[in-house]
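Peer 1: Structure in structure tokens, see below.
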């Protein structure tokens, strides 16, 4: 019952926030409308926006910006023009102006949940997790089943170090997008960070199941092997990490983890060879030096990282 009361209270808060946003956004756009876009200007804005979007899709960023600026100037209340202009500017590296237009677009259309998510993503990329959370919350209030909104808020909370809340939001996002690879990776990393290796491994297995045998990404295999090692399953760790290391040029971190697994299995020659391979990849790799020192001292016991 307490969960239900909290859920209802949360829903009411979201509704109140949304109503406030609509009022503020509408008043802002009303001020724009007072400047008056005529019917002809509105038509020009839409035509220029269509042409700008075509240019953007073709990768013609300079031309897209020119057309979309014309569209926004012809009808300042046309949120789509500002939203696409923001995207063109962002791709060109002009992040500050892009963010300005993305948020103006949201003010003109506060019911555009996807636009709010994009504005929040830009904020998060610029290091403003708090504003990203606000945009994500607005998007959730508009469209509660929007996975990208929950994912944005979860990542922004993670950025602020609020791990438990971040996990809850990413889990909610996964309910609406169960096959989203980026979500599964982020959740696995969060579980690993919080020391919940069982959930880490379960999530990674779910992610690995999305790939055909032999096509699993190296980084996912490496995370899986690391989770096995942390759970005290060195043979599974060694098998998985060996498979990952066989996929092209392996980094020192992966090779060192494989050496750790081999040592934990009691295969000291293989562990020494693995640590030496790690140092060949990165002569300054500290964990590989430490592992070699332990093995040289006759320590069959190795720390599990």
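In our numbering, the protein residues as written are -19 to 285.
Every residue, glycine too, gets a C-beta built ideally from N, C-alpha and C.
Nothing here was measured: the structure is a model prediction, and the numbers come from that model.
For residue 62, I'd like the list of residues in its chain whose CB is within less than 6 Å of its CB, leaving aside the five on either flank, ordered along the chain.
Peer 2: Same-chain partners within the cutoff: 52, 81, 84, 85.
Peer 1: By the three-class DSSP mapping on this structure, what secondary structure does residue 126 have?
Peer 2: Reduced to three states, the DSSP call for residue 126 is coil.
Peer 1: So what's residue 29 in DSSP terms, helix, strand or just coil?
Peer 2: Helix.
Peer 1: If residue 35 and residue 47 are in contact, beta carbons under 8 Å, what's the gap, nearest whole angstrom?
Peer 2: The pair is a contact, with the Cβ atoms about 6 Å apart (cut-off 8 Å).
Peer 1: Would you mind sorting residue 76 into buried or exposed? The rule is 16 or more other CB atoms within 10 Å of its CB.
Peer 2: Result: exposed.
Peer 1: If you compare alpha carbons, which of 261, 225, 219 is closest to residue 247?
Peer 2: Taking only the C-alpha atoms, the option nearest residue 247 is 219.
Peer 1: Given residue 28, which residues of its chain have a CB within under 8 Å of its CB, disregarding the five upstream and five downstream residues?
Peer 2: The residues are 47, 48, 50, 51, 54, 61.
Peer 1: Please report the distance separating the alpha-carbon of residue 162 from that of residue 132.
Peer 2: Going from the Cα of residue 162 to the Cα of residue 132 covers about 12 Å.
Peer 1: Thinking C-beta only, is residue 59 closer than 7 Å to residue 88?
Peer 2: The answer is yes: Cβ separation under 7 Å.
Peer 1: For residue 269, which residues from the same chain have a beta carbon less than 6 Å from its beta carbon, with the 5 sequence-adjacent residues on both sides left out?
Peer 2: Correct list: empty, nothing qualifies.
Peer 1: Does residue 93 pass the burial test, meaning 16 or more other C-beta atoms within 10 Å, or should it be called exposed?
Peer 2: Counting Cβ neighbours within 10 Å, residue 93 comes out buried, since at least 16 surround it.
Peer 1: Looking at the unbroken alpha helix (DSSP H) that takes in residue 165, where does it start and where does it end?
Peer 2: Element bounds for residue 165: 161 to 173.
Peer 1: Where does residue 218 sit, in a helix, a strand or coil, going by DSSP?
Peer 2: It is helical.
Peer 1: Assign residue 112 to buried or exposed, taking buried as 16 or more other Cβ atoms, counted over all protein chains shown, within 10 Å of its Cβ.
Peer 2: Residue 112 is buried by the Cβ-count criterion.
Peer 1: Considering only C-alpha positions, which residue in the set 24, 128, 140 is nearest to residue 151?
Peer 2: Ranking the options by Cα distance to residue 151, first place goes to 128.
Peer 1: Does residue 245 come out as helix, strand or coil in the three-state DSSP assignment?
Peer 2: Three-state result, residue 245: coil.
Peer 1: Check whether the Cβ atoms of residue 183 and residue 201 lie closer than 7 Å to each other.
Peer 2: No.
Peer 1: For residue 211, which three-state DSSP category applies?
Peer 2: In the structure shown, residue 211 sits in coil (DSSP, three-state: anything other than H, G, I, E or B).
Peer 1: Can you look up residue 156 in the DSSP assignment and give me helix, strand or coil?
Peer 2: Three-state DSSP puts residue 156 in a helix.
Peer 1: Quick check: residue 241 and residue 271, are their CB atoms within less than 7 Å of each other?
Peer 2: No; because the gap between Cβ atoms is not below 7 Å, this pair is not in contact.
Peer 1: Return helix, strand or coil for residue 18, following the three-state DSSP convention.
Peer 2: Correct three-state label for residue 18: coil.
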